[in-house]
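Shown next, in structure tokens, is the structure this report addresses.
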Amino acid sequence: MLSEVIAQIRQKKPLIHCINNHVTSNDCANILLACGGSAIMADDPDEVAEVTAMCDGLVLNMGTPSPRKLEALLKAGKEANRLGHPVVLDPVGVGSSSMRKAAGATLLDQVRFAAIRANAAEIATLVRGTAAHRGVDTDLEEASVDAVKTLAKWLSLETGAVVIATGDTDIVTDGKTLYRVHNGHPMMKTVTGSGCQLSALLGACITANPELPLEAALAAVCAMGLAGQIAHGRLLPLDGNASYRNYIIDAICNLTPEALEKGAQYEMDS
Amino acid sequence: MLSEVIAQIRQKKPLIHCINNHVTSNDCANILLACGGSAIMADDPDEVAEVTAMCDGLVLNMGTPSPRKLEALLKAGKEANRLGHPVVLDPVGVGSSSMRKAAGATLLDQVRFAAIRANAAEIATLVRGTAAHRGVDTDLEEASVDAVKTLAKWLSLETGAVVIATGDTDIVTDGKTLYRVHNGHPMMKTVTGSGCQLSALLGACITANPELPLEAALAAVCAMGLAGQIAHGRLLPLDGNASYRNYIIDAICNLTPEALEKGAQYEMDS
Amino acid sequence: MLSEVIAQIRQKKPLIHCINNHVTSNDCANILLACGGSAIMADDPDEVAEVTAMCDGLVLNMGTPSPRKLEALLKAGKEANRLGHPVVLDPVGVGSSSMRKAAGATLLDQVRFAAIRANAAEIATLVRGTAAHRGVDTDLEEASVDAVKTLAKWLSLETGAVVIATGDTDIVTDGKTLYRVHNGHPMMKTVTGSGCQLSALLGACITANPELPLEAALAAVCAMGLAGQIAHGRLLPLDGNASYRNYIIDAICNLTPEALEKGAQYEMDS
């Protein structure tokens, strides 16, 4: 099942419009090339709708935001919805400022997402924002796996998006089915933007497999985690997080559909 | 001949003002340092003329554009023209939006370029824009080598710039003489911004060799392609596009004038 | 002494708000992760005060400036002062334009810095700006070590910041005590943003050791130089500046407090 997700990317070579932050844009473009897709980065409101229209899918990354960039996220998202292109949201640091909180709420309100990838805190912020918006009170500070599962499912049912909550254990859910993924390595936390890279990879997986968003998301999460494990296995004694960063993208580049099928470690949960 | 181009960079250490996109700015700065030059990146209209004035050459990269950045490209270009500094244009994705098409046409209209580096589609867009501007009809959708040669020569004659069309075969022409370059490796397409990097390298080559723009451009294209071959030759089984990206810049760093002379593969064509 | 500085970072894991340029933001985030801290990059005036408030320290990098970014630098700096968070200034290319000169003067006037890291030319510009502002005439074009020492001490006494002047020999001073650091390798000049990376590292060192800013700065400078030496020691024949860039960050990642204590090379000077 997962092998087919990767095979489809390699065959269809989806072109992904990424509105990205400037910290991780190079890595996100390279991981898209590594998996078999490619990227156009364009983040000005005056051109994003046209750029979205010439691409196959869209990834909206909220990092290093500005009012103009947020306007661009919204315009691109609406155009992708109009055209039926899959849209992935990465609400980077959505709880860090009022500007980001408002942007997260507006995006959830006005754009339909195929997938949302975030850590537990970001998901809690989105849920709180959404909940507040609907007059519901939420009080979910703790980040236990159970709480994250509840939040992720709730956000998925509310938005219609597959929700991917990354952390020590990664969770993938469409609100009904829920997977826990055990791939990955703790050292991935020492690479800036490993979450952004996963969101970019998700964009390619879902765009190339639009009928199977849950399986596509599961494949992306397993692939990224497996790449982190493979990369860790080749570290030399003097290597650190900078070489590790390169090895992770290298591993995606060399990942065969068969290797993903064999290496993916996940279980269905509830 | 080509060896002298590189030797001049190493001797003159040209300082290049790059107005670059945020996806590839780090790689472009590092390839300029690798070849023996150096970079200042500054992209705000309020300071670009001053920054251009303190540099030796200018590279205008149209990626991740915004109205302010496009204003900066124009201001810097005009100032470089006024001072007699060589200017290189990289019209990244110029066909991707109305904003970029208009910007490309304006830049060609108001700035004199020493060199323009682009892929076939970008060159076709520039030609069409230029042609339309002059009431000429063009219909050149196909990207056959012959069509690209025709377009590149025409653009060179119209603008006075050396035109470098990159693709499976790279073409370098000043409108009269035309070279086909056979260096390079298909894997270079899997590295984001390999075109941007070549444009930065072109900036250094032409700035250090202002009397010989055609030879300087030919040297840059051969050097970049040769670096791609050398980098490919050292790939380990687990290496992918991220390590390859580093190896290409490494190869420029270690490229001797003699190695370029020996490894350059090109032929004069018509 | 120096070992304790690093040990404190590893223990406290300071979160650093970096307002950075887009050329080196990825490397700066990764070196902060390498040393044991972490980074949030946010550069819009509408959110920087809030982001600063949730972090432990602040690094203001003046590269790729714009009016909005300069407004963000000022807002964040003032908020960090209000909260008592350490602030590091990296006045990238402050002499390159009127906009940057004015910004440098404004920042020195309105923000209290714990540390300022710059090369000789940038320090001379800051001193001249400050001096002019106070009606003092300075004429210090030469960059001899003695002149740099005088400028660095003067700037430190004027601002209350520890001043780090990087060059062939690095200088660290609080205006009274002055250290000359002999770690480092000439090849570090071939890596774009090695100065920005040092400023980010400084942010972590000083934030985790707020009572000892001089020692924290000395540790950061020795650590960065030692990393450059360790990275140089592992270069393979085909490696160049791109691999070197990764190896430097790797070396910070693997640097133990004991290795820093043993490898640091500095002397007290006057």
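Protein chains in written order, with our numbering: chain A, 80 to 349; chain B, 80 to 349; chain C, 80 to 349.
Heads up, the beta-carbon is just placed ideally off N, CA and C, and yes, glycines get one too.
Taking Cβ to Cβ, would you say residue 167 of chain C is nearer than 8 Å to residue 138 of chain C? Yes, they are a contact pair.
If you draw a straight line from the alpha carbon of residue 93 of chain B to that of residue 330 of chain B, how long is it in whole angstroms? The alpha-carbon of residue 93 of chain B is positioned some 19 Å away from that of residue 330 of chain B.
Any chain A beta carbon closer than 8 Å to residue 99 of chain B: Answer no: the Cβ-Cβ gap between residue 99 of chain B and chain A never drops below 8 Å.
What number of angstroms, rounded off, separates the C-alpha of residue 109 of chain B from the C-alpha of residue 191 of chain C? Their Cα atoms are separated by approximately 33 Å.
Rounded to whole angstroms, what's the CA-CA distance from residue 131 of chain A to residue 172 of chain A? Just pull it up for me. If you draw a straight line from the Cα of residue 131 of chain A to the Cα of residue 172 of chain A, it is about 24 Å long.
CB contact check: residue 221 of chain C to chain A, cutoff 8 Å: Low confidence applies to residue 221 of chain C: its pLDDT is 45, below 50, so where it sits in the model is not reliable enough to give any reading.
As assigned by DSSP and simplified to three states, the class of residue 217 of chain B: Low confidence applies to residue 217 of chain B: its pLDDT is 44, below 50, so where it sits in the model is not reliable enough to give any reading.
In chain order, what residues of the same chain lie with their CB nearer than 6 Å to the CB of residue 273 of chain C, ignoring the 5 residues before and after it? Short of 6 Å from the beta carbon of residue 273 of chain C, and not among the five residues preceding or following it, lie these beta carbons of its own chain, in chain order: 267.
By the 8 Å beta-carbon criterion, what residues does the stretch 318-343 of chain C contribute toward chain A? Residues of the stretch 318-343 of chain C whose Cβ lies closer than 8 Å to any Cβ of chain A, in chain order: 324, 325, 326, 327, 328, 329, 330, 331, 332, 333.
Quick check on residue 290 of chain B: buried or exposed, where buried means 16 or more other Cβ atoms within 10 Å of its Cβ? Result: exposed.
Exposure label - residue 261 of chain C; buried when at least 16 CB within 10 Å: Label assigned to residue 261 of chain C: exposed.
Rounding to the nearest angstrom, what Cα-Cα distance links residue 69 of chain C and residue 99 of chain A in this structure? The shown model of chain C, from 80 to 349, leaves out residue 69 of chain C, and the question about it has no answer.
At which residues does the beta strand (DSSP E) containing residue 347 of chain B begin and terminate? For residue 347 of chain B, the enclosing beta strand (DSSP E) begins and ends at 345-348.
Do the stretch 143-161 of chain C and the stretch 311-322 of chain C make contact, defined as three or more Cβ pairs closer than 8 Å? The stretch 143-161 of chain C makes no contact with the stretch 311-322 of chain C, as fewer than three CB pairs between them are under 8 Å.
At a Cβ threshold of 8 Å, is residue 126 of chain A touching chain B? Chain B, which has a Cβ nearer than 8 Å to the Cβ of residue 126 of chain A, makes this yes.
Own chain, CB closer than 7 Å to residue 144 of chain A, minus 5 neighbours either side, in chain order: Excluding residues up to 5 positions away in sequence, 178, 179, 182 lie with their Cβ nearer than 7 Å to the Cβ of residue 144 of chain A in the same chain.
Alpha carbon to alpha carbon, how far is residue 246 of chain B from residue 338 of chain B? Give it in angstroms, no decimals. Between the alpha carbons of residue 338 of chain B and residue 246 of chain B lies a gap of roughly 23 Å.
Cutting at 6 Å between CB atoms, please list the residues of its own chain near residue 269 of chain B, excluding the five before and the five after it. Cβ neighbours of residue 269 of chain B beyond the five flanking positions: 320.
Collapsed DSSP secondary structure at residue 100 of chain B in the structure displayed: Note: residue 100 of chain B maps to coil in three-state DSSP.
Whose C-beta lies closer than 6 Å to the C-beta of residue 106 of chain C among residues of the same chain, with five residues either side of it excluded? Here residue 106 of chain C has 272, 276 as same chain residues with Cβ atoms under 6 Å from its own Cβ, once five neighbours each way along the sequence are excluded.
Contacting residues, own chain, Cβ-Cβ under 6 Å from residue 282 of chain C (five flanking each side not counted): Sequence-distant partners of residue 282 of chain C (beyond 5 residues in either direction) whose C-beta falls short of 6 Å from its own C-beta, in its chain, are 95, 136, 138, 167.
Are any of the Cβ atoms in chain C nearer than 8 Å to that of residue 274 of chain A? No, no contact with chain C.
Among A/161, A/146, A/259, which has the Cα closest to the Cα of residue 346 of chain A? Sorting A/161, A/146, A/259 by C-alpha distance to the C-alpha of residue 346 of chain A places A/259 at the top.
Do residue 305 of chain A and residue 342 of chain A have their beta-carbon atoms positioned less than 8 Å apart in this structure? Contact: yes.
How far does the alpha helix (DSSP H) with residue 317 of chain A in it extend, from its first residue to its last? That residue, residue 317 of chain A, is in no alpha helix (DSSP H); it is neither H nor E in DSSP.
Which same chain residues, not among the five before or five after residue 236 of chain A, have their C-beta less than 7 Å away from its C-beta? Counting only Cβ-Cβ distances below 7 Å, and skipping sequence neighbours, we find 254.
Would you call the CB atoms of residue 141 of chain C and residue 122 of chain C closer than 8 Å? Not a contact, by the Cβ cut-off of 8 Å.
When you compare only the Cα positions, how much space is there between residue 348 of chain C and residue 299 of chain C? Roughly 18 Å separates the two Cα atoms.
Return no unless some Cβ of chain B is closer than 8 Å to the Cβ of residue 204 of chain C. Interface residue (Cβ-Cβ distance to chain B less than 8 Å): residue 204 of chain C is not classified as such.
Please confirm whether residue 240 of chain C and residue 200 of chain C have their CB atoms less than 8 Å apart. Residue 200 of chain C sits away from residue 240 of chain C, with the two beta carbons spaced by 8 Å or more.
Verify the CB distance criterion: does residue 144 of chain B have a CB-CB separation below 8 Å to chain A? For residue 144 of chain B, the answer is yes, since a Cβ of chain A falls inside 8 Å of its Cβ.
With a 10 Å radius around its C-beta and 16 neighbouring C-beta atoms as the bar for buried, classify residue 162 of chain A as buried or exposed. When all chains shown are included, residue 162 of chain A counts as exposed.
The beta strand (DSSP E) that contains residue 270 of chain C, what's its start and end? Counting along the chain, residue 270 of chain C falls outside any beta strand (DSSP E), and DSSP gives it neither H nor E.
Go to residue 133 of chain B, then tell me how far its alpha helix (DSSP H) extends in each direction, as first and last residue. Residue 133 of chain B -> alpha helix (DSSP H) spans 127-133.
Would you say residue 113 of chain C faces chain A, with C-beta separation under 8 Å as the test? By this cut-off, residue 113 of chain C is an interface position.
Is there at least one Cβ from chain A nearer than 8 Å to residue 175 of chain B's Cβ? For residue 175 of chain B, the nearest beta carbon of chain A is closer than 8 Å to its own beta carbon.
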